[in-house]
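Just so you know, we're using my numbering here: the sequence shown kicks off at 12 and counts up by one.
Glycine residues also receive a C-beta, built at the ideal position from the N, C-alpha and C atoms.
Remarks on the structure that follows.
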Amino acid sequence: MSLVSVGTQWPVPGYHSGFQNAGGIEVSATSATKGDIIQVGDHDDAWPLHTAIVVSNLGGGHFNVVDSNYQSDEIVRQHDYQPPSGARFWRMGTVGNGGSLVTGAWYLRNSNSSGGHSVSRQYGATGDIPLVGDWDRNGTVTVGVYRPSESRFYLSNSTSSQVADVVTQFGNPGDIPVVGDWDYEGTTTIGVYRPSNQTFYLSNSNTTGASNYVFQYGAPGDKPVVGNWNGDGFVTIGVFRPSNSTWYLRNSNTTGTANISVGFGRSTDVPVTGNWDGSTGGSNATTIGVYRPSNQTFYLSNSNSSGSSNHIFQYGNPGDVPVTGDWDDNGTTTIGVGR
Ligand SMILES: [Ca+2]
Ligand SMILES: [Ca+2]
Ligand SMILES: [Ca+2]
Ligand SMILES: [Ca+2]
Numbered sequence: 012m013s014l015v016s017v018g019t020q021w022p023v024p025g026y027h028s029g030f031q032n033a034g035g036i037e038v039s040a041t042s043a044t045k046g047d048i049i050q051v052g053d054h055d056d057a058w059p060l061h062t063a064i065v066v067s068n069l070g071g072g073h074f075n076v077v078d079s080n081y082q083s084d085e086i087v088r089q090h091d092y093q094p095p096s097g098a099r100f101w102r103m104g105t106v107g108n109g110g111s112l113v114t115g116a117w118y119l120r121n122s123n124s125s126g127g128h129s130v131s132r133q134y135g136a137t138g139d140i141p142l143v144g145d146w147d148r149n150g151t152v153t154v155g156v157y158r159p160s161e162s163r164f165y166l167s168n169s170t171s172s173q174v175a176d177v178v179t180q181f182g183n184p185g186d187i188p189v190v191g192d193w194d195y196e197g198t199t200t201i202g203v204y205r206p207s208n209q210t211f212y213l214s215n216s217n218t219t220g221a222s223n224y225v226f227q228y229g230a231p232g233d234k235p236v237v238g239n240w241n242g243d244g245f246v247t248i249g250v251f252r253p254s255n256s257t258w259y260l261r262n263s264n265t266t267g268t269a270n271i272s273v274g275f276g277r278s279t280d281v282p283v284t285g286n287w288d289g290s291t292g293g294s295n296a297t298t299i300g301v302y303r304p305s306n307q308t309f310y311l312s313n314s315n316s317s318g319s320s321n322h323i324f325q326y327g328n329p330g331d332v333p334v335t336g337d338w339d340d341n342g343t344t345t346i347g348v349g350r
């Protein structure tokens, strides 16, 4: 704080650019959520330099935060705080692969292109990780969430209701949810990837209980992905490795080496998967793509190989979480965001 009192020590350069260079995404005060950074002042302006971490967004520009030195006392404290209007908000990390919901609004589009949303939904709460699947095997995909604070899945079979049809505890704190039709009988069921031991735990039912598949795969820092990579109908796993922007896809839910390795995307991208062109027959495989939070742009490929993207388009707002699904049941996987 002496820097503030003597004034002449300003500027302290590069707070905002530093967060950005490290992969941070600037978000609005309204959308700031737990774990985001509030940075006040980057130069000698009206607002004293200060950094705080959001614990909860109280609305109306007020936040509960944890910070230190706010009272020049070197004490780390948690308190309610209203940052000055010059404050900026940075999201450095993510929960799950691509982040978590803030308002629980979903904006889904029926084509892989820029434009407005085709369908909107309201489902889930702040901190939830959005999921998509056909939980009741009626042929229609619907939404769900994983609530990390409870290690619970909340799954809806409705295209409108906010009521959960299925509530299931599964996994441990720190797990990343994954969902898929692991046994190719039509129902999308739950699972988690545990980063701490790089192990998948997959269940063939949407109920609490033992996993049907438990196996190690991947390396520390990997992000789990799932898809029907070889077109045989079974949804199997893979990982996206940010350190080398490489996907390692496996055609069975077992430990072992990758069947497909492909470089695609950038380290700070969020992996997404789907059948973007609705190809059928023997080529109905799931293919890869990424959502780039920094420019809110999807880059989707119709093959699991390196090379240029087949679909590149902007969609969503800073802080949104990408989701994918065949919302209109026409065979083509398209995109959306959870907010
Ligand atoms: Ca369904
Ligand atoms: Ca199944
Ligand atoms: Ca395809
Ligand atoms: Ca579709």
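Within the same chain, show all residues whose beta-carbon is closer than 7 Å to that of Ser207, passing over the 5 residues directly before and after it, in chain order. On the sequence shown, position 196 is the one that residue 207 refers to. Sequence-distant partners of Ser207 (beyond 5 residues in either direction) whose C-beta falls short of 7 Å from its own C-beta, in its chain, are Gly185.
Quick one: using the 10 Å Cβ neighbour count with 16 as the cut-off for buried, is Asn286 buried or exposed? Your numbering for residue 286 matches position 275 in the sequence shown. By the neighbour-count rule (16 or more Cβ atoms within 10 Å), Asn286 is buried.
Residues in its own chain within less than 8 Å of Leu112 by CB, not counting five upstream and five downstream? Walking along the sequence shown from the start, residue 112 turns up at place 101. Excluding five sequence positions before and after Leu112, the CB atoms of its chain that fall closer than 8 Å to its own CB belong to Gly135, Ala136, Thr137, Gly138, Asp139, Ile140, Pro141, Val156, Val332, Gly349 and Arg350, given in chain order.
Buried or exposed: Tyr326, going by 16 or more other Cβ atoms within 10 Å of its Cβ? Mapped onto the sequence shown, residue 326 falls at position 315. That one is buried.
With a 10 Å radius around its C-beta and 16 neighbouring C-beta atoms as the bar for buried, classify Thr268 as buried or exposed. As a position in the sequence shown, residue 268 is number 257, starting the count at 1. When all chains shown are included, Thr268 counts as exposed.
Does the Cβ of Asn123 lie closer than 7 Å to at least one heavy atom of ligand 3? Counted from its first residue, the sequence shown places residue 123 at position 112. Outside the cutoff, so no.
Taking a contact to mean a Cβ-Cβ separation below 8 Å, would you say Ile36 touches Pro282 in this structure? In the sequence shown, counting from the first residue as 1, residue 36 sits at position 25. In the sequence shown, counting from the first residue as 1, residue 282 sits at position 271. By the CB criterion at 8 Å, Ile36 and Pro282 fall outside the cutoff.
Spatial neighbours of Gln173 within its chain, please: CB distance less than 8 Å, with the 5 preceding and 5 following residues excluded, ordered by chain position. The residue you call residue 173 lines up with position 162 of the sequence shown. Only Gln133, Tyr134 and Ser167 meet the Cβ criterion.
beta-carbon Asn215 near ligand 2 non-hydrogen atom, thresh 7 Å: For this step, residue 215 is matched to residue 204 along the sequence shown. Yes; taking the cut-off as 7 Å, the Cβ of Asn215 has a heavy atom of ligand 2 nearer than that.
What does a CB cutoff of less than 6 Å around Val236 pick up in its chain, not counting 5 residues either side in sequence? Here residue 236 refers to the residue found at position 225 when the sequence shown is read from its first residue. Answer for Val236: Gly249, Phe251, Pro282 and Thr284, listed in chain order.
Please classify Ser290: does DSSP put it in a helix, a strand, or coil? Here residue 290 corresponds to residue number 279 of the sequence shown, with the count starting at 1. Ser290: coil per DSSP, three-state reduction.
Would you check whether ligand 3 has a heavy atom nearer than 7 Å to the C-beta of Asn80? Locating residue 80 in the sequence shown gives position 69, where the first residue counts as 1. The answer is no for Asn80.
Are the C-beta of Leu112 and some C-beta of chain C separated by less than 8 Å? Here there is only one protein chain, and chain C is not present.
If you drop the 5 nearest sequence neighbours on each side, which residues of the same chain put their C-beta closer than 7 Å to that of Val15? Indexing the sequence shown from 1 puts residue 15 at position 4. Bear in mind that the predicted position of Val15 carries a pLDDT of just 47, short of 50, making it unreliable; the figure below should be weighed with that in mind. The beta carbon of Val15 sits closer than 7 Å to those of Pro59 and Leu60, all from its chain and outside the five residues before and after it, given in chain order.
Beta-carbon gap between Ser122 and Thr298 smaller than 8 Å: What you label residue 122 is simply residue 111 of the sequence shown in a count that begins at 1. What you label residue 298 is simply residue 287 of the sequence shown in a count that begins at 1. Cβ atoms of Ser122 and Thr298: not closer than 8 Å.
Confirm, please, whether the CB-CB distance from Gly182 to Val203 is below 8 Å. Counting from 1 along the sequence shown, the entry for residue 203 is found at position 192. Counting from 1 along the sequence shown, the entry for residue 182 is found at position 171. Result yes, Cβ atoms of Val203 and Gly182 sit closer than 8 Å.
For Thr210, which residues from the same chain have a beta carbon less than 8 Å from its beta carbon, with the 5 sequence-adjacent residues on both sides left out? Indexing the sequence shown from 1 puts residue 210 at position 199. A distance below 8 Å between beta-carbons, with the five flanking residues on each side excluded, links Thr210 to the following residues of its chain, in chain order: Tyr204, Val225, Phe226, Gln227 and Tyr228.
Suppose you measure from the CA of Ser263 to the CA of Ile201; what does that come to, to the nearest Å? Position 252 of the sequence shown holds residue 263. Position 190 of the sequence shown holds residue 201. When rounded, the distance between both Cα atoms is 16 Å.
In whole angstroms, give me the CA-to-CA distance for Asn75 and Ile49. Sequence index remark: in the sequence shown, residue 75 carries index 64 (1-based). Sequence index remark: in the sequence shown, residue 49 carries index 38 (1-based). Across the structure, Asn75 and Ile49 are spaced so that their CA atoms are roughly 11 Å apart.
On a CA-only basis, which of Gln89, Val87, Asp243 and Trp338 is nearest Thr291? Give me that one, please. Taking the first residue of the sequence shown as position 1, residue 291 is located at position 280. The candidate whose alpha carbon is nearest that of Thr291 is Asp243.
Between Asp176 and Gly150, what straight-line distance do the alpha-carbon atoms span, to the nearest angstrom? What you label residue 176 is simply residue 165 of the sequence shown in a count that begins at 1. What you label residue 150 is simply residue 139 of the sequence shown in a count that begins at 1. If I take the Cα positions, the gap works out to 16 Å.
List the whole-angstrom C-beta distance separating Gln89 from Val77, where the pair is believed to meet the contact cut-off of C-beta under 8 Å. Position 78 of the sequence shown, counted from the first residue, corresponds to residue 89. Position 66 of the sequence shown, counted from the first residue, corresponds to residue 77. Confirmed, about 5 Å.
Compute the Euclidean distance between the alpha carbons of Ser294 and Ser214, then round it to the nearest angstrom. The sequence position of residue 294 within the sequence shown is 283, counting from 1. The sequence position of residue 214 within the sequence shown is 203, counting from 1. Taking the straight line from one Cα to the other gives about 27 Å.
Under 8 Å by Cβ, that's how I've got Ser312 and Ser305 pegged, so tell me the actual separation to the nearest angstrom. For the purposes of this step, residue 312 is taken as the residue at position 301 of the sequence shown. For the purposes of this step, residue 305 is taken as the residue at position 294 of the sequence shown. Cβ-Cβ separation between Ser312 and Ser305: approximately 19 Å, too far for a contact (criterion under 8 Å).
According to DSSP, is Phe226 part of a helix, a strand, or is it coil? Position 215 of the sequence shown, counted from the start, is the residue given in the question as residue 226. Secondary structure at Phe226: strand, using DSSP grouped into helix, strand and coil.
Under three-state DSSP, which class holds Asn255? Translated into the one-based positions of the sequence shown, residue 255 becomes position 244. In this structure, Asn255 counts as coil in the three-state DSSP scheme.
Can you tell me which residues form a DSSP beta bridge with Ser79? Taking the first residue of the sequence shown as position 1, residue 79 is located at position 68. Paired residues: Val87.
What is the rounded straight-line gap between the Cα of Gly276 and the Cα of Asp91? Your numbering for residue 276 matches position 265 in the sequence shown. Your numbering for residue 91 matches position 80 in the sequence shown. Between Gly276 and Asp91, the alpha-carbon positions lie close to 39 Å from each other.
According to the Cβ coordinates, are Thr266 and Thr218 closer than 8 Å? Mapped onto the sequence shown, residue 266 falls at position 255. Mapped onto the sequence shown, residue 218 falls at position 207. At least 8 Å separates the beta-carbon of Thr266 from that of Thr218.
Shell residues, 7 Å Cβ cut-off relative to heavy atoms of ligand 1: This selection yields Asp145, Trp146, Asp147, Arg148, Asn149, Gly150, Thr151, Val152, Thr153 and Asn168.
Three-way DSSP call (helix, strand, coil) for Asn32 in this model: If you number the sequence shown from 1, residue 32 lands on position 21. When DSSP states are grouped into helix, strand and coil, Asn32 belongs to the helix group.
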